[in-house]
Amino acid sequence: MSDTTPASMPPSATASGPWTPTHGAPYRPAPYRPERIAAEESLERAARLRRRMDERRTVRAFSPDPVPEQVLRDAIACAATAPSGAHQQPWTFVLVKDPEVRRRIREAAEHEEKVSYDGRLGEEWLAALRPLGTDAVKAHMTDAPALIVVFQQRYWLGEDGAKRKHYYVDESVGIAVGMLLTALHLSGLAALIHTPSPMRFLGEVLNRPENEKAFAVIPVGHPAEDCEVPDLVRKSLDQVLVEI
Ligand code: IYR
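Encoded structure:
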C-alpha cells in the first residue's frame, strides 16, 4: 500500500507486474474492509452522480482537439476493473491514435455501413434509427483524436496455442464498456459507442489474434463546437424500476 492510501482503503487489486491466469489455483481469501460511509453522505453522492450521469450524451460530432492520453489510459484501467465471468477479464482495449489507422478503420466501417443503410438493416431497423439521425458517414472516426476498439477474448489462448473456455464473455465485456463510458464521461470526455456490422475488419486492420472478436469502436474526444444531439428524453425511473 502506498503512503498516500488511507488506512481504510483496500489495496489495489490491479497487478503491477504481468498478470497470470488463476485457472485451477486454490481459493485464496483476502480481507476486504472498505470504509462504510454515513447514509447522508451516501445519499448526497448518489444524487450528485445521478445528475452527472444524466448529463452524458452520445456524441457523433467531434472536435479534432487532442485529449490527454493519460485520461484515456486511466479510463481504460477503470473499465478493466469490471467484474467478469470467473475473473477471466476477457477483454482487450486497442487505443488507436494513429490518424492513418483511424482513416483505414473509417473507410472499412463506411463500406459496411453503406450496405447496411442501403437495405441490409431492413425497414423496421431503419425506422428505429431515424430519430437518432445516424447515417453511413462516420466522420467521427477520423475527427475524434482517438478510437478505443474493444475486443472480446472469446476464449483464452496460451502462447503455445492451448485454448480454454471463457465464461459470460458478452456480459463481462458489456459491463466493462459501461464502466469505460462512465469513466470517460466523468473525466470530461465525450464518446460514441459505434458497432459497425459486420466488424470482422477491425481484427484484420488491428492485427488481433484469432481468439479476439471486435465488440465496439468508441471514438473519444470533445464535442465539435457546433455539435448537436437528438432531442430525446430518457425513460423515467418509474418506467424502468420495479420494486417488490
Ligand atoms: N451500426 C450502424 C447502425 C446503428 C445501429 C444502432 I442499434 C444504433 O443505435 C445506431 C446505429 C451505425 O453505426 O450507423
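Per full-length UniProt numbering, the sequence shown starts with residue 1, numbered consecutively. The beta-carbon is built from N, C-alpha and C at its ideal position, and this holds for glycine as well. Since this is a predicted model, take the numbers as computed values, not measurements.
Span of the alpha helix (DSSP H), counted from its first residue to its last, around residue i
i	result
Val240	237-240
Ile105	99-115
Trp19	Per DSSP, Trp19 belongs to no alpha helix (DSSP H) and is neither H nor E.
His140	140-143
Enclosing beta strand (DSSP E) for residue i [first to last residue]
i	result
Lys213	212-223
Arg164	163-165
Neighbourhood of residue i by C-beta distance below 6 Å, restricted to the same chain and skipping five residues each side
i	result
Pro145	Pro66, Val67, Gly221
Bridge partner(s) assigned by DSSP for residue i
i	result
His194	Val217
Val94	Val149
Leu43	Its beta-bridge partners do not exist; DSSP assigns none.
Leu157	Lys163
Cβ shell of residue i (< 8 Å), same chain only, five flanking positions each side left out
i	result
Met179	Cys78, Ala79, Thr81, Ala82
Asp238	none
Val205	Val101, Arg104, Ile105, Ala108
Thr14	Ala77, Ala80, Thr81
Ile37	Arg45
Any non-hydrogen atom of the ligand IYR closer than 7 Å to residue i Cβ
i	result
Glu107	no
Glu124	no
Leu132	yes
residue 306	Outside the modelled stretch of the chain, which goes from 1 to 244, sits residue 306, for which no answer is possible.
Glu40	no
His194	yes
Leu129	yes
Beta-carbon contacts of residue i that lie in its chain and below 7 Å, excluding the five residues immediately before and after
i	result
Val71	Ser187, Leu189
Nearest neighbour of residue i, chosen from the options [CA to CA]
i	options	result
Leu184	Ser63, Arg73, Ser16	Arg73
Lys163	Asp54, Asp226, Pro34, Glu210	Glu210
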